Amino acid sequence: MSLLGDVYEWMTDADSWRGNSGITHRLVEHARYTATATIAAVVIAGPIAAWLGHKRRFGTLGMNIANIGQTLPTFAILVLVVQVVGTGDAPVVGPLALFLAMTLLAIPPIFTNVYTGVANVDDAYRDAARGLGMTSRQQLLRAEVPIAAPLLVTGLRIALVQVIATATIGAYAGTGGLGRFIIDGFALQDYPQVFGGALLVAGLAIIGDRVLVAVERHVGVNSPRI
Amino acid sequence: MRRRLLYTASLTLLVALGAAACGDDGESSSATTTAAVATTAGGAATTAAAGATLTFKPLDAGGPLTKAALTKGDIQVALVFTSDADIAVNKWILLEDDKKLQPAENLIPAIKKTADSANLRAALDAVSKPLTTAELTELNRQQSQDKSDSAAIAKAWLAKNKLVPYAGTKLTGTLKVGSTNFGEQEIVAELYAQVLESAGAKVDRKFKLGNREVVAPALEKGDIDLYPEYVGSYTSFLNKDATIPTDVAAAVTQLTTLAAAKGVVLGAAAPAEDKNGFVVTSATATKYKLAKTSDLATVKDTLVLGGPPECPQRPYCAIGLNKTYGLTIK
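Residue numbers (this note's numbering), protein chains in the order written: chain X, 1 to 226; chain P, 227 to 556.
Here you go:
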């Protein structure tokens with residue numbers, strides 16, 4: 001039978017979906033790894049980038065630092081981090097090494113977009129906000145962030161899609177997630193499983209992308225027009 | 227109003243992501259729980275002969291991830307190569323393969339028939355005889371940890387074992403000694419080369435020629451006269467369908483026939499083997515009194531085994547542990 005036929009058979013076989021190494025479980029694991037790393041990146045990079053954007057200072061420096069996470073090959077980061085923290089699981093986030101590597105990967109697009117978005121808010125709005133008597137903090141949270149909202153979501157979207165795709169390499173360091181199908185399938189020369197796994201990753205990435213595009217449009221329509 | 231919509235949208239997203247995050251707890255943490263329960267339950271030292279369970283964690287084939295996981299305690303048993311330098315570096319305990327699961331992989335000199343002589347083999351056999359797996363691991367450690375030069379490592383080892391100056395019958399002529407392209411091979415080839423030099427032969431070193439696919443044909447063609455081989459891997463190379471015995475003598479007998487067809491003769495096999503083996507840290511070995519692979523069956527806790535992703539389907543790994551050692555691998 002053709003490879004595509006075998007892939008179809010693998011994906012439609014109920015046994016492929018069941019149990020601790022089934023597709024359902026792997027999908028949930030994958031979603032968990034990606035979600036936690038992306039949220040962590042937002043929490044770490046978001047406020048700093050927004051504040052620096054508000055001040056319109058240290059943007060280049062900040063972006064260069066943030067970009068370390070993308071300049072180094074994620075695979076190399078993963079192997080290095082494993083040497084330090086091992087392959088164990090942490091509460092909530094799952095495999096710690098993968099979480100750290102994925103967070104590093106998610107930080108650059110979030111930092112860049114938040115900084116650029118906030119820093120490029122039109123001077124007229126900034127002046128108006130100041131004219132209304134807003135404090136510096138209020139200007140940022142009530143004027144600049146809402147105006148820059150679509151760009152902030154764009155950063156989140158880029159980060160999320162990258163992390164969904166890249167979290168597969170965690171399987172090399174013993175994590176769960178959809179990468180297991182790719183790594184294990186390859187090791188066992190079970191190519192339908194490799195392609196099936198790849199399709200699932202692509203599917204998840206597309207869904208994540210579409211959802212955030214919808215959010216982007218929504219916040220775009222509902223935020224003040226420039 | 228607009229702001230409220232924005233908040234609602236982002237909140238929905240966060241909740242969705244959060245739900246995914248808390249969705250499950252992963253397999254290894256549940257394994258830890260099982261282990262904890264087993265510890266409390268199995269305090270009394272009544273020895274169960276079989277039925278011990280190991281959880282499998284897919285990592286790499288004796289590579290950096292498996293070793294890091296063992297060092298960090300994420301796994302307790304690791305599948306690595308028996309002569310790996312890190313076994314000596316970290317003082318890990320290589321569990322004896324007492325039920326003979328792994329096919330023989332002893333080091334053996336492969337010699338081009340036209341270059342062969344009884345005196346040449348006597349010199350090579352003198353090197354092979356004292357070369358055990360522990361000795362080989364130590365030589366590998368000197369190379370990878372101390373960064374010593376393979377010629378210097380070989381020189382010191384030969385002197386220690388009183389093989390140089392060579393006491394046997396002298397040799398004449400030039401011999402081309404080859405090796406494949408990894409560290410252990412270069413050390414062993416250097417051992418051969420220096421003994422042969424001490425025996426009076428002129429040695430032309432052709433090391434790091436490539437992998438077996440390059441070096442084996444080079445020997446057959448006579449581009450080199452000899453190089454260090456491994457019984458099992460060489461057998462598979464010459465006949466990929468061959469079943470490799472775990473007994474060295476039987477494996478060598480089979481290989482001798484296969485090699486003869488290619489105009490290659492073999493020296494005596496060294497005790498040293500570079501094959502798959504299970505290691506534990508010395509702390510784990512002490513805690514559970516482990517020295518042999520079969521001792522794993524007496525462990526009450528659920529230990530975690532780290533190895534290559536294909537382990538569950540391979541006879542040298544999970545399948546063998548189950549069939550030969552009666553262990554359950556989950």
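Backbone N, C-alpha and C define an ideal beta-carbon position, used for all residues, glycine too. If you're wondering where the values come from, they're calculated on a predicted model, not measured in any experiment.
Status (buried if at least 16 other CB within 10 Å, exposed otherwise) for residue i
| i | result |
| --- | --- |
| phenylalanine 75 of chain X | exposed |
| aspartate 286 of chain P | buried |
| threonine 24 of chain X | exposed |
| lysine 447 of chain P | exposed |
| alanine 14 of chain X | exposed |
| isoleucine 337 of chain P | buried |
| lysine 355 of chain P | exposed |
| alanine 425 of chain P | buried |
| glutamate 9 of chain X | exposed |
| arginine 32 of chain X | buried |
| valine 194 of chain X | buried |
| lysine 386 of chain P | exposed |
| phenylalanine 408 of chain P | exposed |
| threonine 36 of chain X | buried |
| leucine 3 of chain X | exposed |
| arginine 367 of chain P | buried |
| glutamine 189 of chain X | exposed |
| isoleucine 207 of chain X | exposed |
| glutamate 412 of chain P | buried |
| asparagine 502 of chain P | buried |
| glutamine 480 of chain P | buried |
| proline 443 of chain P | exposed |
| isoleucine 68 of chain X | exposed |
| leucine 132 of chain X | exposed |
| valine 114 of chain X | buried |
Proximal chain X residues relative to residue i, where beta-carbon distance stays under 7 Å
| i | result |
| --- | --- |
| aspartate 300 of chain P | Gly86, Thr87 and Gly88 |
| glutamine 539 of chain P | Leu188 |
Closer than 9 Å to chain X by CB, residue i
| i | result |
| --- | --- |
| aspartate 286 of chain P | yes |
| glycine 552 of chain P | no |
| glycine 503 of chain P | no |
| threonine 519 of chain P | no |
| alanine 532 of chain P | Going by the sequence as given, residue 532 of chain P is glycine instead of alanine. Yes, contact with chain X. |
| threonine 524 of chain P | no |
| threonine 340 of chain P | no |
| threonine 461 of chain P | no |
| threonine 297 of chain P | yes |
Residue i CB to nearest heavy atom of the ligand HEM below 8 Å
| i | result |
| --- | --- |
| lysine 428 of chain P | Because no ligand of any kind appears in the structure shown, any question about the ligand HEM cannot be addressed here. |
One or two residues paired with residue i in a DSSP bridge
| i | result |
| --- | --- |
| aspartate 430 of chain P | P/Lys402 |
| leucine 225 of chain P | The structure shown has nothing for residue 225 of chain P, since chain P only spans 227 to 556. |
| lysine 338 of chain P | P/Val490 |
| glutamate 9 of chain X | Its beta-bridge partners do not exist; DSSP assigns none. |
| valine 530 of chain P | P/Thr281 |
| alanine 377 of chain P | In DSSP, alanine 377 of chain P forms no bridge with anything. |
| isoleucine 555 of chain P | P/Leu280 |
| alanine 90 of chain X | X/Gly94 |
| leucine 422 of chain P | Paired residue(s): none; leucine 422 of chain P is not in a bridge. |
| glutamate 455 of chain P | P/Ile334 |
| glutamate 499 of chain P | P/Asn332 |
| lysine 386 of chain P | DSSP, once it has assigned bridges, lists no residue as partnering lysine 386 of chain P. |
| glutamate 29 of chain X | Per DSSP, none; premise fails for glutamate 29 of chain X. |
Test: residue i CB closer than 9 Å to a CB of chain P
| i | result |
| --- | --- |
| isoleucine 226 of chain X | Low local confidence applies: a pLDDT of 48 at isoleucine 226 of chain X is under 50, so the model's placement there is unreliable, with the coordinate-based value given in what follows. Not closer than 9 Å to any Cβ of chain P, the Cβ of isoleucine 226 of chain X fails to qualify, so no. |
| arginine 56 of chain X | no |
| leucine 188 of chain X | yes |
| arginine 240 of chain X | Lying outside 1 to 226, the shown extent of chain X, residue 240 of chain X is not represented and no answer is given. |
| isoleucine 183 of chain X | yes |
| valine 79 of chain X | yes |
8 Å Cβ cut-off: residues of chain P touching residue i
| i | result |
| --- | --- |
| isoleucine 158 of chain X | Here the premise fails: no neighbours, minimum Cβ distance about 15 Å. |
Chain-ordered chain P contacts of residue i [CB-CB under 9 Å]
| i | result |
| --- | --- |
| tyrosine 172 of chain X | Pro284, Leu285, Asp286, Leu291 and Pro535 |
Contact belief for residue i with residue j at Cβ below 8 Å, rounded distance in angstroms
| i | j | result |
| --- | --- | --- |
| alanine 311 of chain P | threonine 363 of chain P | 7 Å |
| leucine 280 of chain P | leucine 516 of chain P | Leucine 280 of chain P to leucine 516 of chain P, Cβ: 12 Å. No contact. |
| histidine 30 of chain X | leucine 156 of chain X | 18 Å between Cβ atoms; not a contact. |
| valine 118 of chain X | alanine 50 of chain X | 5 Å |
| leucine 105 of chain X | glutamine 162 of chain X | 6 Å |
| glycine 458 of chain P | alanine 330 of chain P | 6 Å |
| tyrosine 542 of chain P | glutamine 328 of chain P | 6 Å |
| valine 282 of chain P | cysteine 537 of chain P | The question names valine, but residue 282 of chain P in the sequence shown is phenylalanine. Their Cβ separation, rounded to whole angstroms, is 6 Å, which keeps phenylalanine 282 of chain P and cysteine 537 of chain P in contact under 8 Å. |
| leucine 321 of chain P | valine 525 of chain P | Incorrect: roughly 12 Å between the Cβ atoms, too far for contact. |
| alanine 352 of chain P | leucine 401 of chain P | So it is not a contact: roughly 15 Å between Cβ atoms. |
| glycine 533 of chain P | leucine 305 of chain P | 4 Å |
| asparagine 332 of chain P | valine 474 of chain P | 5 Å |
Proximal residues of chain X, C-beta to C-beta of residue i below 8 Å
| i | result |
| --- | --- |
| alanine 294 of chain P | Val82, Gln83, Gly86 and Thr87 |
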